[in-house]
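There are 2 protein chains.
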Amino acid sequence: MPSVESSNNSIAVDAPSEHDTHRANAPIVKLCPHSTGVSCGSCRLNELCLPIALNEGEMEQLDNIVERNRPLKKGDHLYRQHDGFKSIFAVRSGSFKSYVLSSSGAGRVTGFYLPGEIIGMDGIADRTHANSAIALEHASICEIPFNQLESLSLKLPVLQHNFFSIMGAEITKDQKVHTILSSYSAEQRIASFLLGISSRYARVGLSPTRFHLPMTRGDIGEYLGLTVETVSRLLTALQKRDLIEVDNREIALVDKDRLKEIVGADDL
Amino acid sequence: MPSVESSNNSIAVDAPSEHDTHRANAPIVKLCPHSTGVSCGSCRLNELCLPIALNEGEMEQLDNIVERNRPLKKGDHLYRQHDGFKSIFAVRSGSFKSYVLSSSGAGRVTGFYLPGEIIGMDGIADRTHANSAIALEHASICEIPFNQLESLSLKLPVLQHNFFSIMGAEITKDQKVHTILSSYSAEQRIASFLLGISSRYARVGLSPTRFHLPMTRGDIGEYLGLTVETVSRLLTALQKRDLIEVDNREIALVDKDRLKEIVGADDL
DNA sequence: ACTAATCATTGAGCTAAATCAAGATAATGA
DNA sequence: TCATTATCTTGATTTAGCTCAATGATTAGT
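Order-wise, the sequence lines are chains W and R.
Following our numbering, the numbering of the first sequence begins with 1 at its first residue and continues without gaps.
Following our numbering, the numbering of the second sequence begins with 1 at its first residue and continues without gaps.
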């Protein structure tokens with residue numbers, strides 16, 4: 001397999017952990033060096049995550065409520081639809097998809113979550129998760145018990161502000177997806193999707209032009225409201241036009257400008 | 001004739017209104033809440049809005065930051081895309097749509113907002129509104145300056161909790177829309193839309209079976225990713241099957257159960 | 001009240017993407 | 001390792017919803 005540089009999977013791998021707060025049910029897997037750290041203060045994602053702009057003392061208080069080291073294997077569920085809501089989660093490494101099971105059997109993917117992103121906010125409103133969330137690859141997360149986050153947010157204005165912003169960003173993102181689904185052609189959806197993944201990887205310091213897709217074509221199709229076949233055909237077509245290179249799940253964005261033209265400028 | 005608005009129209013007259021458009025950053029004539037007879041405490045929507053479960057003293061503090069009496073005429077903008085974000089708004093009467101202008105000219109409706117609902121959260125994340133919001137009919141709103149809401153939320157745990165819940169509900173709702181747009185047929189979308197409007201009216205004490213649609217067929221189409229023609233055809237078709245009655249924008253849901261069957265059970 | 005403009009309906013045909021079908025490739029596990 | 005399953009690709013065909021077009025109904029402005 002041609003290695004598309006150090007993509008997603010390699011970043012952020014788990015914590016070295018002197019004082020491991022391993023929980024009883026926490027899986028095995030030994031943690032690699034350098035990492036996202038055992039504390040928010042030493043996590044390389046902290047400028048993209050809940051702790052933005054917290055001072056040292058504040059970050060320590062946040063650290064105290066964060067539960068780390070709950071690595072998940074591919075296919076493990078982080079939570080399931082209808083589960084009681086207790087926590088939100090920050091993706092530390094790996095990736096997740098959220099999905100709902102339609103009554104007609106087929107699952108529908110509602111989101112993908114990459115390192116530095118927050119998953120689980122679908123349970124805040126009615127204290128029950130509206131989606132299931134499943135690891136697309138080996139992954140680790142920080143669990144943030146919501147009640148404690150609320151309490152701490154009362155004491156730390158910056159934390160409250162950050163969390164409002166994170167939720168606001170989720171709302172804005174969902175509305176953008178709404179626009180994509182309600183008005184873009186299949187080709188525009190795919191181009192937009194690739195550019196979106198690209199900038200989300202860029203955000204955590206990974207290459208915006210060469211990356212690994214952790215999800216299947218089927219997942220992408222469900223997310224974008226297309227069939228697997230259409231996704232596959234369009235990736236092939238974009239490659240033939242030299243806009244991208246595709247090697248199974250390794251993607252290279254060869255001509256980002258023309259991809260942006262396809263989606264029509266004002267996309268993410 | 002059942003109509004969306006009604007209710008709080010008793011409250012005060014207009015701001016000076018030399019200009020038709022009340023922009024978010026336009027000067028506001030703030031009247032003392034008690035002189036208008038309207039305060040959160042006396043608002044019939046207060047159990048559905050920000051003040052849920054606030055005690056008297058807390059509600060008074062909220063009242064002090066809420067700016068009321070900004071009636072808008074049909075077609076007035078509440079804010080425009082790219083406007084600086086200052087406030088969120090609670091719809092008191094009337095209704096709004098939010099939309100974005102695509103580079104390709106056509107506007108895309110991203111949401112409808114009915115009495116008791118909060119509009120403007122699309123600006124929280126990056127302090128700039130991602131959408132425009134326009135009144136679909138004569139409407140009045142409560143403006144809640146966001147910075148003050150944040151400050152007050154630090155002091156009133158229940159208020160903070162409520163606002164987290166409201167944002168969470170928006171996220172959950174957007175994800176449901178995602179599912180609708182990515183996997184429902186045109187007929188399912190229309191049925192689901194009608195049921196959604198129905199329960200939103202029911203929430204504020206209006207009839208869930210007979211109501212007025214404040215938006216055009218075109219708006220509905222943009223929102224649902226369908227053309228005007230398809231929306232029109234499907235409403236006619238549902239009427240022919242005796243599931244609904246349509247008289248221009250007056251809708252009666254005749255057979256809610258079969259509408260639910262169409263969308264496949266687990267819808268709103 | 002009258003005119004213009006917007007909104008809604010209906011029909012006929014077209015097309016983008018779905019469906020159906022068949023293989024090829026890659027991942028997983030005994 | 002090989003066998004099994006999951007994923008991906010490509011082709012042929014169908015179809016749901018779009019586009020184009022024309023007309024009627026409402027609403028808004030003077």
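In this text, a Cβ means the ideal position worked out from N, Cα and C, and glycines have one as well.
Query: Run down chain R in chain order and give the residues with a C-beta less than 7 angstroms from the C-beta of W:THR110.; Result: GLN175, HIS178, THR179
Query: My output table needs one value for R:ILE52: the three-state DSSP class, helix, strand or coil.; Result: coil
Query: Measuring alpha carbon to alpha carbon, tell me which of R:VAL100, R:HIS82, R:LEU78 ends up nearest R:GLY94.; Result: R:LEU78
Query: With distances taken between CB atoms, is the gap from W:THR128 to W:GLY84 smaller than 8 angstroms?; Result: yes
Query: Find the residues of chain W that neighbour R:HIS161, judging by a C-beta separation of less than 8 angstroms, and give them in chain order.; Result: GLU150
Query: Got a sec, what are the start and stop residues for the alpha helix (DSSP H) R:ASP269 sits in?; Result: Any question about residue 269 of chain R goes unanswered here, given that chain R covers just 1 to 268.
Query: Verify the contact flag: W:ASP247, CB atom, against every heavy atom of the ligand HEM, threshold strictly below 7 angstroms.; Result: The ligand content of the structure shown is nil, which means the ligand HEM is not present either.
Query: Can you list, in chain order, the residues of its chain whose CB lies under 7 angstroms from that of R:LEU226, leaving out five sequence neighbours each side?; Result: ALA186, ARG189
Query: Is there contact between the region 245-254 of chain W and the region 207-215 of chain W, where contact requires at least three CB pairs shorter than 8 angstroms?; Result: yes
Query: Within 8 angstroms (strictly less), CB to CB, does R:TYR223 reach chain W?; Result: yes
Query: Under 8 angstroms between the Cβ atoms of W:GLY116 and W:CYS49?; Result: yes
Query: Quick one: using the 10 Å Cβ neighbour count with 16 as the cut-off for buried, is R:ARG92 buried or exposed?; Result: buried
Query: Check whether the Cβ atoms of R:VAL228 and R:ARG217 lie closer than 8 angstroms to each other.; Result: yes
Query: Any idea if R:ASN131 is buried or exposed, counting beta-carbon neighbours within 10 angstroms, 16 or more meaning buried?; Result: buried
Query: Closer than 8 angstroms, Cβ to any Cβ of chain R: which residues of the region 119-140 of chain W, in chain order?; Result: MET121, ASP122, GLY123, ILE124, ALA125, ASP126, ALA130, ASN131
Query: Reducing DSSP to helix, strand and coil, say where R:ASP247 ends up.; Result: strand
Query: Measuring straight from C-alpha to C-alpha, what distance separates W:GLY57 and W:GLN160?; Result: 16 angstroms
Query: With the cut-off set at 8 angstroms, would you say R:PHE193 and R:TYR201 are in Cβ contact?; Result: no
Query: Between the region 53-68 of chain W and the region 163-179 of chain W, do at least 3 Cβ pairs fall closer than 8 angstroms?; Result: no
Query: Indicate whether at least one CB of chain W lies closer than 8 angstroms to the CB of R:ILE171.; Result: yes
Query: Let's test the definition: count the other Cβ atoms within 10 Å of the Cβ of W:LEU213 and tell me whether it reaches 16, buried, or not, exposed.; Result: buried
Query: Per DSSP, W:SER98 is paired with what?; Result: W:GLY111, W:ALA133
Query: How would you write the range of the beta strand (DSSP E) that R:ALA90 sits in, first residue to last?; Result: 87-93
Query: Just the Cα atoms here: how many angstroms apart are W:LEU101 and R:LEU154?; Result: 38 angstroms
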